[in-house]
Amino acid sequence: MGSTSAQRTTGRLPPRDQGIRLLPIFSQNASVAIPHAWKRSTGEPKVPFLLVRRIRETILDERFLPGDRLVEVDLAEKFKVSRSPVREALLALEKEGTVVMSPYKDAMVMPLSVAEARDIAELRLALISLALKPAHRHLSPADFDDAYDLAKRLTRTKNAKDHFETNRRFWDIIFSKAPRPILREVFRQLEDRGTRYEPVLLKLFPPETRPRQREVLIELYRKGKADEAFRAFKKIYSELVHEIIDHLHGHEADEPTH
34 MGSTSAQRTT
44 GRLPPRDQGI
54 RLLPIFSQNA
64 SVAIPHAWKR
74 STGEPKVPFL
84 LVRRIRETIL
94 DERFLPGDRL
104 VEVDLAEKFK
114 VSRSPVREAL
124 LALEKEGTVV
134 MSPYKDAMVM
144 PLSVAEARDI
154 AELRLALISL
164 ALKPAHRHLS
174 PADFDDAYDL
184 AKRLTRTKNA
194 KDHFETNRRF
204 WDIIFSKAPR
214 PILREVFRQL
224 EDRGTRYEPV
234 LLKLFPPETR
244 PRQREVLIEL
254 YRKGKADEAF
264 RAFKKIYSEL
274 VHEIIDHLHG
284 HEADEPTH
């Protein structure tokens, strides 16, 4: 009976005979920041860190949807690990706001929320405004070129995982040059918390209609016009967020009441 329940709640994961490799998630992305507590003496990440990223990937590609249950024993079987690192990973995801856990119950992907989406958007804007000026004098022409290339790529991405990773690389270029490491850390935490909203963003804004706020930002920013660049970015970004909020309002209105 427990096995049947696990298959229903996490059935979107690949079947066991396909397996799920953990290490490539580290080796394929050089920009991954590994917390010291989850780093081996060799410098490679520990299993819970890799599981956090794998579970986040399953949310990005919608194998797990907001509101879906996450059964520890089923996750351990699918990822071919023990339950202990799975629980560590789920606790970390709960801390960042991606998962909710209850005593004696399975974990659950946190449902989408209008209030949360608005908070994330407003806080991201505030952090971006704080990073732009101090970062500018440390950015090289090559940095601006790389950021602009990533900005253009973001208007063409068709899946949420690529969009999430490319967007992280884009902002890492700027935040890594602002001499404020806590700012960068908090921004990354907000990005992680916003994982569940990436599929919504891509559905509302397919490549042919996707706003180009990052391109506009870099075009002005590289000319030294940090304030003007932020205002232009904020205008487009705020319109985008408004559409997402409207969509979420409609989704909440459609939810059954009990």
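The working numbering puts the first residue of the sequence shown at 34, with every later residue one more than the last. Built from N, CA and C at the ideal position, the CB exists for glycine as well.
In the DSSP assignment, VAL85 falls within the alpha helix (DSSP H) that extends over 80–93.
Between LEU160 and PHE197 the beta-carbon gap is near 17 Å, outside 8 Å, which marks them as no contact. Uninterrupted alpha helix (DSSP H) stretches at least 4 residues long and entirely within the segment 110–138 occur at 116–129, given in chain order. Remark: C-beta atoms of LEU123 and VAL114 do not approach each other more closely than 9 Å. Closest in C-alpha terms to PRO244, from the list THR190, LYS256 and ASP101, comes THR190. If you compare the alpha carbons of TYR254, GLY100, LEU126 and VAL106 with that of ARG87, the shortest gap goes to LEU126. Boundaries of the beta strand (DSSP E) harbouring VAL142: 140–142, taken from the DSSP string. Rounded to the nearest whole angstrom, the C-alpha separation of GLU218 and ILE278 is 25 Å.
By the Cβ rule, the segment 232–251 counts as touching the segment 264–273, because three or more pairs are nearer than 8 Å. Nearest Cα to PHE266 within the set ILE206, LEU250, ALA259 and LYS258: LEU250. Scanning its chain for C-beta atoms nearer than 6 Å, with the 5 sequence neighbours on each side dropped, one finds around GLY100 the residues PRO144, in chain order.
A straight line joining the alpha-carbon of GLY130 with that of LYS185 spans about 30 Å. When the Cα atoms are used, ILE215 and ILE153 turn out to be separated by approximately 17 Å. GLU248 and TYR181 have their C-alpha atoms roughly 6 Å apart. No residue range can be given for LYS256, since it is assigned to no alpha helix (DSSP H) and is classified by DSSP as neither H nor E.
Within the segment 212–238, complete alpha helix (DSSP H) segments of at least 4 residues are found at 214–226 and 231–237, given in chain order.
In the displayed model, LEU172 falls within coil according to three-state DSSP, outside both helix and strand.
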